[in-house]
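Participant:
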Amino acid sequence: MSELTRLRLLLGELGIRPGGVLMVHTSLSGTGLPPTLVRDALLAALGPDGTLVVPAFTPENSDTSRAHRARVAHLSPEEADVYRARKMPPFDPDTTPCPSMGALAECVRTTRGAVRSAHPQTSLAAIGARAAELLSGHDPHCHLGERSPLARLYAADAEVLLLRVGFDVCSAFHLAEYRMTPAPPTRVYRCVVGAPGNWYPYEDVALDDRDFAEMGARLPRKLLTRGQWAGKTVTLFGMRAAVDDVRDQLSRYRLRNDLN
Numbered sequence: 125m126s127e128l129t130r131l132r133l134l135l136g137e138l139g140i141r142p143g144g145v146l147m148v149h150t151s152l153s154g155t156g157l158p159p160t161l162v163r164d165a166l167l168a169a170l171g172p173d174g175t176l177v178v179p180a181f182t183p184e185n186s187d188t189s190r191a192h193r194a195r196v197a198h199l200s201p202e203e204a205d206v207y208r209a210r211k212m213p214p215f216d217p218d219t220t221p222c223p224s225m226g227a228l229a230e231c232v233r234t235t236r237g238a239v240r241s242a243h244p245q246t247s248l249a250a251i252g253a254r255a256a257e258l259l260s261g262h263d264p265h266c267h268l269g270e271r272s273p274l275a276r277l278y279a280a281d282a283e284v285l286l287l288r289v290g291f292d293v294c295s296a297f298h299l300a301e302y303r304m305t306p307a308p309p310t311r312v313y314r315c316v317v318g319a320p321g322n323w324y325p326y327e328d329v330a331l332d333d334r335d336f337a338e339m340g341a342r343l344p345r346k347l348l349t350r351g352q353w354a355g356k357t358v359t360l361f362g363m364r365a366a367v368d369d370v371r372d373q374l375s376r377y378r379l380r381n382d383l384n
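Just so you know, we're using my numbering here: the sequence shown kicks off at 125 and counts up by one.
#1: Suppose you measure from the CA of Y377 to the CA of P308; what does that come to, to the nearest Å?
#2: Can M212 and D173 be called in contact, C-beta distance under 8 Å?
#3: Contact between the stretch 257-276 and the stretch 336-352: three or more CB pairs below 8 Å?
#4: Please report whether the beta-carbon of L152 lies at a distance below 8 Å from any beta-carbon of chain B.
#5: Using C-beta distances below 8 Å, list every residue in its chain close to L383, excluding the 5 sequence neighbours before and after it, in chain order.
#6: Are P222 and F181 touching if we call contact CB-CB under 8 Å?
#7: Going by Cα to Cα distance, which pick from P214, T219, L176 is closest to R273?
#8: Please classify G340: does DSSP put it in a helix, a strand, or coil?
#9: Which residue's Cα is closest to the Cα of F297: V316, S260, Q373?
#10: For V178 and L248, which I take to be in contact (beta-carbon distance under 8 Å), what is that distance rounded to the nearest angstrom?
#11: Closest by CA to R334, which one among L348, V293, Y324, A253?
#12: Check for me: the beta strand (DSSP E) holding G315 runs from which residue to which?
#13: Rank A275, Y313, P142, G154 by C-alpha distance to the C-alpha of R303 and give the top, closest one.
#14: Please name the residue in G362, F291, L286, G321 whose C-alpha comes closest to that of G351.
#15: What are the boundary residues of the alpha helix (DSSP H) that includes Y278?
#16: Here's the rule I'm using: 16 or more other beta-carbon atoms within 10 Å means buried, otherwise exposed. How should M225 be labelled?
#17: Is DSSP giving L199 helix, strand or coil here?
#18: Output yes or no for whether 8 Å exceeds the beta carbon distance between A282 and M363.
#19: Does DSSP put F215 in a helix, in a strand, or in coil?
#20: Apart from the five residues on each side of it in sequence, which residues of its chain come closer than 6 Å, Cβ to Cβ, to G318?
#21: Rounded to whole angstroms, what is the Cα-Cα separation between G171 and A250?
#22: Once you ignore the five residues that flank A242 on each side, which residues in its own chain have a CB closer than 6 Å to its CB?
#23: Could you please give the first and the last residue of the uninterrupted alpha helix (DSSP H) stretch that includes V162?
Below, the structure written as structure tokens:
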């Protein structure tokens, strides 16, 4: 049996809702499948009324991101300044790739008819019936909170599929950060938009995904449906219940750690 056939069968066994909204994180390394076939299998499972959503983040255009710090780590301070001033890639929602998000995300982003939200660092891309509705109006001062598509996905009762990846990359958990009590700290971000050297600063929640794997491991098992594909775990869950649970976990866990 081919990996593509196994994937199609698994998507049916997991119970992905036809006509629903599905946010997918995946690593296709080692599967032997091109992202176009995986995209098409997901769209077939969702049906003509469904919507496929992927992260299309672009940390490469920011000097406040981990990706930038890694990129300039081997440069001298002078070389880093030159890179920042002249070579940082500016964000354009129509053309800027999202290489750090994986092959499927880039495939979805470049599919004819795909929609991309406008945030210069944490955009989402989508194909399907509700793509434009869910991704429009992404506030540039709100990465992944109430004025972002994540809040609309939550309201739409979206499902999340972790296809051969873990909870450490689950972007939906960032919405829980915005909703935790007390409110999380904020910080200033900077990114290049439109043209080289056109820096755009803004203040938003200080996003921190370092404990997402632990938060996911603590989710009630009843919220999760699991399978295996190409030698790795696949997890499907409803976004609402998971975000609510992680919100409560973060409110307890991070507050306790801050006090210690």
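Note that the Cβ used here is the ideal one computed from N, Cα and C, for glycine as well.
Facilitator: The structure says:
#1: 12 Å
#2: no
#3: no
#4: Included in the structure is just one protein chain, with no chain B present.
#5: Any reading at L383 needs caution, since the residue's pLDDT is 39, under 50, leaving its predicted position unreliable; the model's value is listed next. Excluding residues within five positions, none has a Cβ falling inside 8 Å.
#6: The residue asked about is misnamed: residue 222 is Cys in this sequence, not Pro. Cβ atoms of C222 and F181: closer than 8 Å.
#7: Inspection of the sequence shows that residue 273 is occupied by Pro rather than by Arg. Selected option, being the one with the closest Cα: L176.
#8: helix
#9: Q373
#10: 7 Å
#11: V293
#12: Note that residue 315 is Cys in the sequence shown, not Gly. Element bounds for C315: 310-316.
#13: A275
#14: L286
#15: 273-279
#16: buried
#17: coil
#18: yes
#19: strand
#20: P214
#21: 14 Å
#22: P217, H262
#23: 159-170
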